[in-house]
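Encoded as structure tokens, the structure appears first; notes follow it.
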Amino acid sequence: MTVTGRLLEVDNLSKRFGGFVALENISLSVAPGERLGLIGPNGSGKSTLVNCICGTLHNEAGTVRFDGRTVDGLAAHQRTHLGLARSFQLPRPFVSLNLIDNIRIPLLYTVAVRGKHHGADEVEARCVDLLREVGLDAKATRLPRDLTQVEMRKLELARAMAAEPKLLIADEAMAGLTHSEVEDILALLVRLNEQGVTVILIEHIMRAVMSFSLRLVVLVSGRKIADGDPNEVMRDPEVERAYLGQ
Amino acid sequence: MIFSFDLLINAVLSGILIGGFYAAVTAGVSLSFGILDIVNIAHPAFIILGSYVAYIVNTTLGVDPILTAVIMLPAFYVLGTGIYQVYYVSFEKRGQESLRGLAFFFGLLFITEVSLVLYFGVDYRYVEASYIGPTWHFGTIDMPLRILVPCVVSLLLIAVLQLVLSKTFIGRAIMAVAQDQLALRLMAVDPIRIKRIAFGISIATASLAGAFLIIIQPVEPSVGRDYIGRVFAICVLGGMSSLPGTVIAAMMIGIVESLTATFYGPSWAPAVSFGFLLLTLAVRPAGLLGR
Amino acid sequence: MRTPLFLAICLAVAAAVYAAAVGVGNDYVFFAGYVILQYIVLSTAWNILGGYCGYVNFGSAAFFALGAYSTVATYKLIETQELPHVVPLPVLMLIGGVVSGIVGFGMGYLTLRLRGAFFAIATLALAVVLQTLIVNWDFVGGSRGAYVLRPEDLPLIGPYIRYLFLVMLLLAVAALVIARLIERSRLGYGFATIRDDELAAEASGVPTLRLKLIATTISGALMGMAGAPFPYYIGYLQPASTFGLDYAVNSIAMPLIGGTTSWVGPLIGTILLGSLQQIVTVTISSAVNLLVVGVILVAFVILAPNGIIGLVHHYWQRKPEDFVGRRHVETDAPGAVP
Chain C
1 MTVTGRLLEV DNLSKRFGGF VALENISLSV APGERLGLIG PNGSGKSTLV
51 NCICGTLHNE AGTVRFDGRT VDGLAAHQRT HLGLARSFQL PRPFVSLNLI
101 DNIRIPLLYT VAVRGKHHGA DEVEARCVDL LREVGLDAKA TRLPRDLTQV
151 EMRKLELARA MAAEPKLLIA DEAMAGLTHS EVEDILALLV RLNEQGVTVI
201 LIEHIMRAVM SFSLRLVVLV SGRKIADGDP NEVMRDPEVE RAYLGQ
Chain G
247 MIFSFDLLIN AVLSGILIGG FYAAVTAGVS LSFGILDIVN IAHPAFIILG
297 SYVAYIVNTT LGVDPILTAV IMLPAFYVLG TGIYQVYYVS FEKRGQESLR
347 GLAFFFGLLF ITEVSLVLYF GVDYRYVEAS YIGPTWHFGT IDMPLRILVP
397 CVVSLLLIAV LQLVLSKTFI GRAIMAVAQD QLALRLMAVD PIRIKRIAFG
447 ISIATASLAG AFLIIIQPVE PSVGRDYIGR VFAICVLGGM SSLPGTVIAA
497 MMIGIVESLT ATFYGPSWAP AVSFGFLLLT LAVRPAGLLG R
Chain D
538 MRTPLFLAIC LAVAAAVYAA AVGVGNDYVF FAGYVILQYI VLSTAWNILG
588 GYCGYVNFGS AAFFALGAYS TVATYKLIET QELPHVVPLP VLMLIGGVVS
638 GIVGFGMGYL TLRLRGAFFA IATLALAVVL QTLIVNWDFV GGSRGAYVLR
688 PEDLPLIGPY IRYLFLVMLL LAVAALVIAR LIERSRLGYG FATIRDDELA
738 AEASGVPTLR LKLIATTISG ALMGMAGAPF PYYIGYLQPA STFGLDYAVN
788 SIAMPLIGGT TSWVGPLIGT ILLGSLQQIV TVTISSAVNL LVVGVILVAF
838 VILAPNGIIG LVHHYWQRKP EDFVGRRHVE TDAPGAVP
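Residue numbers (the working numbering), protein chains in the order written: chain C, 1 to 246; chain G, 247 to 537; chain D, 538 to 875.
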């Protein structure tokens, strides 16, 4: 835990791709146990921000601090070991492994590294449990190519959860889900949060974001334009403009 | 070994001239690898094929090799489109281009080379033309015509290619297909067709490059192997898809190779381009005029 | 099937193979068999990096040749002290393995941050650079080549070629056991994620660079060990043929034809393709032989991308896991292989 009590601190983070500025001086912080919503139009840089925080991309300027440590030089896998997990917006399953094995990877390579060791049967049981939580246990021995798009998103989420993170970033995990499926995933995330996992929810489904978030951050064209109580943020004229146009 | 200024000048000049030729050799790979992202390591084999075609026509009909190559351009183009079609259906569509695509081209490289050995044997073959033999002298500077002519025509080829890529619709579509296939589709252009055309052009350049090669030096089937590394080294150094970059990189490599051969001995020359490649990849994968 | 049992079965098969070879009564069997065993090691080693991790190495010949030339260097070094062959073959293989392993590690470190295609090209470049270095190194004979005296016949075993065959047989068993062990361990899972999606692997906590380095080192070391006895086998070592493309093609073709997902693939591919090549070389010519390899490689890669394992799976409708059993994963205790 940091001196300031923040789990994640992003300071003046900037990222460019050649001449294109994807993120400009983003600063935000997340307290432990918080439920943060991150919204913004397509192309506003939400996934880029996640990539920079998690180490998949390298930011040119700014600092990221997680759990008191500066993580700027660390590789993505090291940040995952520290407790930072994310699901990918476009699912990236391990195509040659079945679902159980997909979930097994974070258990073998992240959880085990932290010193918790389980026997083979325990690991297998844990994998099936996680699949059950997202409703995929029936297809446990199938390959990702046998899944629908929606099921692949659920697998993404389950795999991120398997890393037993302190902070979980869910990047558009609910896209394409039915009303009840969205409720299920929301309930799942709330449950996780109650168990102590901090969650950053990136979504376009507004009612999900509004009901879940305790705080809302809005990103537009690589800049943060709002950060605060969800209802107040949604009443902010600049935010209205960003979503409804000028 | 005596260091002499004349030797230096001639080595550098020779390097520049050869570099021009190397640029033509690499142009095809800049298209297939730089723009289309297809690792065609068999490209040198097609160049050798071009050399042998020029050889056959030259020895039986006495036709100038470069002329032969120009006439054979459509044939090589068709060969290229055919190969791309097989590649696309077997690998690109299935998303397996990394391992199996590489193995495919590796196999093609092998088949081509060995077939040539079986048909022609391992003797060195050469062609006859009026400009092979004479050398122009300017004071202490020697410019063998057999290198000068291919160099000049190579640069011409590159210029034409650059014009095509930047001014014609097909050319711009080819540049676009590397960046945004979806946008192309939305413009009612079939990206697969564009890629096929581009690959066809890539192999067509091999026809000309082959003619240049056999003018510059005698050829036997395994000569192509030296060029695999050279070609990718120049392509990467030159920034992958940039033709001007390719020319600069080609001349740089030509000069360094020439200097090495002159002052250290020809047995070290192969290591130069390959060593350059390793260095570039390790230090700056984006090349000199990076993407 | 637990590893010790598998090892015991392999050794039993190896013993039977050796006994059969002795029984044939013609030493040619040992000469031909040696080549096939050598390729079992090379293709299995290649597959650890290529099949399991998805990183294609075109420079197998370089690692093989490094092993061979480290033997030549050791031989020349010791020979000047008038004690020929004092260094036992297993030690030579160890030296070859260490040299090639270090180079494998170094090459990995330089190039593994690159996208797969660049890595493949870099391996090609490395092979040529190494070849050029050897060609210019007169101590090991340079381009003229090096003569190496084959040691005398041994007691109990007889002609030295039989000893070479036996040693290579044991190395082949070792390679297969190592490959299978990797496949079924946590390391094997890690390799598979690298092959499937490196970004997702990193995000899941897999230290991809470290694992890739492990793969290149093990792969290189095995190839070097396969190359170390080669000078004794062939008597006259020459850079052009030792660094030849045939090693590169075969070590790629054999796993691709057999199937890259498991240790069984390179074994099947080598036995089939290797035997075919021996037959073609002897009955037709060695040039046609290479043509055949190229054609078969291209045909398989287009028509049967998962190799023979894949074909068997397809026609017998059984999962490959049933053959190679990913059920019992030996998850690691603390402090074990990463």
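All C-beta atoms in this analysis are idealised placements derived from N, C-alpha and C, irrespective of residue type, glycine included.
request  = May I ask you to list, following chain order, the residues of the region 512-528 of chain G that have a beta carbon less than 7 Å from some beta carbon of chain D?
outcome  = S513, W514, P516, A517, F520, G521, L523, L524, L527, A528
message = I'd like the span of the alpha helix (DSSP H) that includes G228 of chain C, first residue to last.
response = G228 of chain C -> not in any alpha helix (DSSP H); beta strand (DSSP E) instead, spanning 223-228.
key: Burial state of M174 of chain C, where buried means 16 or more other Cβ atoms lie within 10 Å   = buried
message = With a threshold of 8 Å, are at least 3 pairs of Cβ atoms found where one atom belongs to the region 824-835 of chain D and the other to the region 773-791 of chain D?
response = yes
key: Proximity below 9 Å, CB of H77 of chain C to CB of S741 of chain D   = yes
task = Using three-state DSSP, classify G484 of chain G as helix, strand or coil.
result = coil
ask   = Whose Cβ in chain E lies nearer than 7 Å to the Cβ of I789 of chain D?
value = As a matter of chain content, chain E is missing from the structure shown, whose protein chains are C, G and D.
message = Closer than 7 Å between beta carbons: that is the criterion. Which residues of the region 623-652 of chain D meet it against chain G?
response = L647, T648, L651
inquiry  = So if DSSP puts R16 of chain C in a beta bridge, which residue, or which two residues, is it bridged to?
reply    = C:V21
ask   = Tell me the DSSP bridge mates of Y773 of chain D?
value = D:Y684
message = Distance check for P627 of chain D and E9 of chain C, CA to CA, integer angstroms please.
response = 56 Å
ask   = Which residues in chain C sit within 9 Å of A716 of chain D, going by Cβ to Cβ distance?
value = Those do not exist, as A716 of chain D stays about 17 Å from chain C at its closest Cβ, beyond 9 Å.
inquiry  = Counting only Cβ pairs nearer than 7 Å, list the residues of chain D close to S453 of chain G.
reply    = Within chain D, no residue comes near S453 of chain G; the closest Cβ sits about 22 Å away, beyond 7 Å.
CB-CB length for I200 of chain C against E172 of chain C, believed under 8 Å = Contact doesn't hold; Cβ gap of about 12 Å is too wide.
request  = Determine the direct distance from the alpha carbon of L362 of chain G to that of P467 of chain G, and round the result to whole angstroms.
outcome  = 6 Å
inquiry  = Can you tell me whether L782 of chain D is helix, strand or coil according to DSSP?
reply    = helix
query = Since S741 of chain D meets chain C, which of its residues come closer than 7 Å, beta carbon to beta carbon?
reply = T80, I105, P106, Y109, T110, R159, A163
query = Is A841 of chain D helix, strand or coil by DSSP?
reply = coil
inquiry  = List, in chain order, every chain D residue whose beta-carbon is nearer than 8 Å to that of A75 of chain C.
reply    = E739, P744, L746
task = Would you please state the rounded distance, in angstroms, between the beta carbons of Y770 of chain D and Y571 of chain D? I believe it to be under 8 Å.
result = 6 Å
task = Could you name the residues of chain D that S96 of chain C contacts, counting a contact when the two beta carbons are closer than 8 Å?
result = A729, R732, D733, T798
message = Output needed for R442 of chain G: all residues of its chain with C-beta closer than 6 Å, excluding positions within five of it in sequence on either side, in chain order.
response = T327, Y330
message = Quick check: what's the CA-CA separation for A662 of chain D versus L524 of chain G?
response = 7 Å
ask   = Opposite H383 of chain G in the DSSP bridges: which residues?
value = G:D388
task = Express the C-alpha separation of D11 of chain C and M1 of chain C in angstroms, rounding to a whole number.
result = In this prediction, M1 of chain C scores a pLDDT of 47, lower than 50, which makes its location untrustworthy; the coordinate-derived value is nonetheless stated afterwards. For M1 of chain C and D11 of chain C, the distance between alpha carbons rounds to 17 Å.
ask   = If you follow the beta strand (DSSP E) that I357 of chain G is part of, which residue opens it and which one closes it?
value = No beta strand (DSSP E) holds I357 of chain G; the alpha helix (DSSP H) holding it covers 348-366.
message = Our contact map puts L36 of chain C next to S213 of chain C with C-beta atoms below 8 Å; I'd like the distance itself, whole angstroms only.
response = 6 Å
Unbroken beta strand (DSSP E) run spanning S513 of chain G, endpoints = Taken as a continuous stretch (DSSP letters only), S513 of chain G belongs to no beta strand (DSSP E), as it is neither H nor E.
request  = Please report how far the alpha carbon of F20 of chain C lies from the alpha carbon of L724 of chain D, in whole angstroms.
outcome  = 39 Å
inquiry  = Determine whether the beta carbon atoms of A46 of chain C and G55 of chain C lie at a separation below 9 Å.
reply    = Looking at the sequence itself, residue 46 of chain C is Lys, so the reference to Ala does not match. No, the Cβ-Cβ distance between K46 of chain C and G55 of chain C is not below 9 Å.
inquiry  = Using only CA atoms, which one of G:F279, G:S260, G:A270 lies nearest to F478 of chain G?
reply    = G:F279
ask   = What runs of the beta strand (DSSP E), each 3 residues or longer, lie entirely inside the region 267-323 of chain G?
value = none
key: Pair within 9 Å by beta-carbon distance, I480 of chain G and I449 of chain G   = no
inquiry  = To test your reading of the DSSP string, which unbroken beta strand (DSSP E) runs of 3 or more residues are found completely within the region 400-440 of chain G?
reply    = none
request  = Excluding the 5 residues preceding and the 5 following P106 of chain C in the sequence, name in chain order all residues of the same chain whose CB lies nearer than 7 Å to its CB.
outcome  = R159, A162, A163
task = Give the residues of chain C in contact with L736 of chain D, contact being defined as C-beta atoms less than 7 Å apart.
result = T56, R92
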